[in-house]
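Reading through the C-alpha cells given below for one structure.
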Amino acid sequence: MTSTSTLKLQAVPVDKEIEHLIKSSKDLSVGGTTTSNYGPDPDGLKILPESTRKRLVEAEIDISEGYPWRPDKAKIPVFVDEAAAIRDDDYEYIERAKNADPEKKALFGAAKEVINLTNHIGTEIVGLQLADLDDKQKDELALLVAERVVVFFRDQKLSPQKQRELGDYWGRVEEHPQAPQVNGLPGVSVVWVDYWRGVFGWQLSFKNNSLANWDAVKHLSPGPQGWHSDLVHEKRPAGITHLHLDAIPSTGGDTSWSSGYAAYDKLSESLKKFLDGKKAVFVSAHGYLDRNNPFGGPKKIERVHPLVRTHPATGWKSLYVNRAMTKRIIGLSSVESDLVLNYLFEVYEKNADIQVRFKWTPSRPGYGTSAIWDNRVSQHSAAWDHEGQDPRHGTRVTSLAEVPYFDAGSKSQREALGHSLDERDFF
Ligand SMILES: [Fe+2]
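Residue numbers for the sequence shown follow the UniProt record's numbering, so the first one is 1 and each next one is one higher.
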C-alpha cells in the first residue's frame, strides 16, 4: 500500500507562479531590474571616480567587495498593487520651513555670501558647510528652498551619512526599491549614468539622450535630459531632494530647474481659474504587472493629485505637472487633456526667465557640490553633453512631503509678492 492515494495536489495561483518565476530568473525582469545579482557590485568599483572613492573611504563606507549596493531582486515588487502599497501608510509630516524665521537670520548671518542666480529661481550660498548646520539653520534653509525653489552649496565636505541625516530632518526619506544605493545606506541613492550605461545597458547616445518622454515601445526612459519632478506617483510625493555631486565633469553635466510658481503665474488669469481645483493622474517611472492580467504588459502605479497645489510653507500656488509622469487631467476628454497638458509642459520647459542652469564645478578641487530643491514647486533636467567622457557621480536623498492639496484661498507667488500680473496683450 503506497501513500500516493493520500496526496493532495495544491494548485499554485498563477500570480504566485509568475512572481516566483521572475524573482528566480536571471533574464526575466520587471521594473527595470535586469540582474538577479544583488549586494555590492565589483564591476562598479572598476569605473568608480577617484574623488568618489576618496569621499566614501573617508566616510568609512565599506566598498571592499564592490560598489554600489544593488537592491535584492527578491524584494522588488512584481505586481502593481504591491508597489502602490509601499509607503501608503499614514503619518504626520512636519513642515520644517514653517518653523523658520522668515528673515533667515541664522542661515544668512553665518554665510559669507548669498547670491540670487536669477530673479525668479535659484540661490547660491557661499561660505557655509551643510554638515555644520544647526536645526534653526536647517529650518531656514527649508524655507529658502521653498521660496527660491533650488539652493546651491559649492565646496562641501559631506559624507553620505550626513546627507541622509539632513534628509531625515526634512521628512521621511524615500528608500527606493529599485535604485542602486550607497553600501549600507538605503535611502542614499546613487546618481551615476556611467554605471547605468555599463551595468544596466542604458543605450545612451548624443542623438537619443534628449527624447525626454518615456519610451512606451521599449518601456524605458532613454536619458536623463527629460524635464520631470521626482516621485510624483507617491501618496506623498517628493518634497526636498538633495543631490550631492562628488565627481563633476570639467565641462558639461549641468542641471536645470524650472519654477512651478512662475509657470503658474505665466498663465492667463482665466486659464488659472480653469485649472484651479482640477486633478490629474500621475504615473510611476517604473512599470509592474497587473496581477489579474499579468500578460497584459507593464503597468504603472497611478496616483491622483491636484494639478495646482499650494505649498504649505510659502502658501503659494504652483503648477504641478511634468511631461514624464502626468498622464491626464481628470474631467477632460483625452484629446482635451493632451492639448492642455502639452501646453502646460511647454510653459515649464520653454520659458528661460523662470529657469536656472547650474554648473556644478566647485571652486576647490576635492570638494563636492550640493543642490537642494523642492520638487513640489519645480521640474529639473540634467544635460548629458559630456557624453560619459568625464565621470559624473552623485548621491541623492529625497525627503517625502505632505499629501498634495489645493487651497482655494491661497495666492500665486506674484500675487502674494505684489508683482505685476499685467495682461495688456491678452485680448
Ligand atoms: Fe530627477
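Don't be surprised by glycine CBs; every beta carbon is placed ideally from N, CA and C.
| Query | Result |
| --- | --- |
| Report back the beta-carbon spacing between V182 and T395 to the nearest angstrom; my notes put them in contact at under 8 Å. | 6 Å |
| Is Y91 buried or exposed, if buried means 16 or more other CB atoms sit within 10 Å of its CB? | exposed |
| How should E174 be labelled, buried or exposed, when 16 other C-beta atoms within 10 angstroms of its C-beta is the threshold for buried? | buried |
| When you measure from the CB of D374 to every non-hydrogen atom of ligand 1, does any distance come out below 7 Å? | no |
| Measure the C-alpha to C-alpha separation of residue 428 and G277 and round it to an integer number of angstroms. | Residue 428 cannot be examined here, being either before or after the span of the chain that is shown, 1 to 427. |
| Could you tell me whether any non-hydrogen atom of ligand 1 is closer than 7 Å to the CB of D230? | yes |
| So, for V321: in the same chain, excluding its five sequence neighbours on each side, which residues have a beta-carbon less than 6 Å away from its beta-carbon? | L344 |
| Considering only the beta carbon of each residue, do V126 and K138 sit closer than 8 Å? | no |
| Using three-state DSSP, classify residue 487 as helix, strand or coil. | The structure shown does not extend to residue 487, since the chain is modelled only from 1 to 427, so the question has no answer here. |
| Can you tell which of Y264, A131, V281 has its C-alpha closest to the C-alpha of L275? | Y264 |
| Is the closest heavy atom of ligand 1 to the C-beta of H380 under 7 Å? | yes |
| Rank A371, H233, P294 by C-alpha distance to the C-alpha of P13 and give the top, closest one. | P294 |
| DSSP puts H305 in a beta bridge; with which residues? | A280 |
| With the cut-off set at 8 Å, would you say R151 and L141 are in Cβ contact? | The displayed chain sequence assigns Val, not Arg, to residue 151. It is a contact, given that the beta carbons lie within the stated cut-off. |
| Check the DSSP bridge columns for N116 and list the partner residues they point to. | T123 |
| Within 10 Å of its beta-carbon, does L107 have 16 or more other beta-carbons around it, so buried, or fewer, so exposed? | buried |
| Could you give the C-beta distance for I248 and W360, rounded to a whole number, given that I count them as a contact under 8 Å? | 5 Å |
| Which of the three DSSP states is assigned to R236 in this structure? | coil |
| Give the straight-line distance between the Cα atoms of K16 and S25, rounded to the nearest whole angstrom. | 14 Å |
| Three-state secondary structure (DSSP) at V149? | coil |
| G109 to A371, Cα distance in whole Å? | 20 Å |
| Closest to L243 by C-alpha separation, out of L166, K136, S318, would be which residue? | L166 |
| For V321, does the three-state DSSP call read helix, strand or coil? | coil |
| Please list the terminal residues of the continuous alpha helix (DSSP H) segment that includes W373. | Segment 368 to 374 is the beta strand (DSSP E) holding W373; no alpha helix (DSSP H) there. |
| In this structure, how does DSSP classify T251 when only helix, strand and coil are distinguished? | coil |
| Please state the DSSP three-state secondary structure of S334. | helix |
| What is the DSSP secondary structure of L289, reduced to helix, strand or coil? | strand |
| Helix, strand or coil: how does DSSP classify F358 here? | strand |
| Starting from A83 and walking both ways along the alpha helix (DSSP H), at which residues does that stretch end? | 80 to 85 |
| Assuming T118 contacts V356 (C-beta within less than 8 Å), just tell me the rounded distance between them. | 5 Å |
| Restricting to runs no shorter than 3 residues, where is the beta strand (DSSP E) found entirely within the segment 163 to 208? | 189 to 191 |
| Determine the contact status of Y93 and A324, defining contact as a CB-CB distance below 8 Å. | no |
| So, is D230 buried or exposed, given that buried needs 16 or more other C-beta atoms within 10 angstroms? | buried |
| Please check the pair R87 and K235, which I expect to be a contact at CB under 8 Å, by giving their CB distance rounded to whole angstroms. | 7 Å |
| Residue ranges of each alpha helix (DSSP H) run of no fewer than 4 residues wholly in the segment 37 to 72, ordered along the chain? | 42 to 46, 50 to 58 |
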